[in-house]
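Engineer:
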Amino acid sequence: MFFKWIPCHRKKERSFHIGSYTFPLCARCTAILVGYLLLPILFMFSSFLHWWYVPILMIPLLVDGYTQKWKWRESNNFLRFITGLLFGIAQTILIVLSVLFLTKILM
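With the numbering used here applied, the sequence shown corresponds to residues 5 to 111, in that order.
1. Verify whether the separation of the beta carbon atoms of L61 and I93 is less than 8 Å.
2. Considering only residues of the same chain and omitting the five flanking positions on each side of L90, which have a CB-CB separation below 6 Å?
3. Output the boundary residues of the beta strand (DSSP E) element that contains S19.
4. What residue from T96, L110, L106, M111 has the CA that sits closest to M48's CA?
5. Do you know offhand how far L101's Cα is from G88's?
6. So if DSSP puts T96 in a beta bridge, which residue, or which two residues, is it bridged to?
7. Does DSSP put L66 in a helix, a strand or coil?
8. Terminal residues of the continuous alpha helix (DSSP H) containing L37?
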């Protein structure tokens with residue numbers, strides 16, 4: 005299965021459940037992959053993308069992840085999904101801008 009190669013802790017309490025089925029990835033990793041699916045759409049709107057979107061969209065995941073790791077608070081799957089989605093979109097923007105930059109300097 006494809007998902008076994010994706011690095012994820014796969015904790016059942018942090019994964020989505022539909023009936024008795026548990027998603028193979030945690031909510032955050034699932035959302036990051038959903039963010040990657042926006043790649044074709046972001047390529048179409050690449051003229052509106054800026055490099056500074058990337059750190060702004062990544063900050064919520066870092067805050068959520070580290071405050072949970074340091075046991076300052078406990079996150080929930082909805083928040084993990086939202087922060088993971090923003091992070092996945094940020095990585096996708098980084099990929100789009102990198103490809104556009106490389107094609108510009110190489111062509």
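Even glycine gets a Cβ: it sits at the ideal position worked out from N, Cα and C. This structure is a prediction, so every number in the text was calculated from the model and none was measured.
Structural biologist: Once the coordinates are examined:
1. Looking up residue 61 in the sequence shown gives position 57. Looking up residue 93 in the sequence shown gives position 89. Yes, they are a contact pair.
2. Sequence index remark: in the sequence shown, residue 90 carries index 86 (1-based). Once the five neighbours on either side are set aside, the close Cβ partners of L90 are L61, P64.
3. Indexing the sequence shown from 1 puts residue 19 at position 15. From DSSP, the beta strand (DSSP E) with S19 extends over 19-22.
4. Counting from 1 along the sequence shown, the entry for residue 48 is found at position 44. Cα-wise, what sits closest to M48 is T96.
5. Numbered from its first residue, the sequence shown carries residue 101 at position 97. Numbered from its first residue, the sequence shown carries residue 88 at position 84. Near 20 Å, if we compare the C-alpha coordinates of G88 and L101.
6. The residue given as residue 96 occupies position 92 in the sequence shown. T96 pairs with nothing; no bridge assigned.
7. Position 62 of the sequence shown, counting from 1, holds the residue named residue 66. Here L66 sits in helix by DSSP.
8. Locating residue 37 in the sequence shown gives position 33, where the first residue counts as 1. Segment 31-40, the alpha helix (DSSP H) holding L37.
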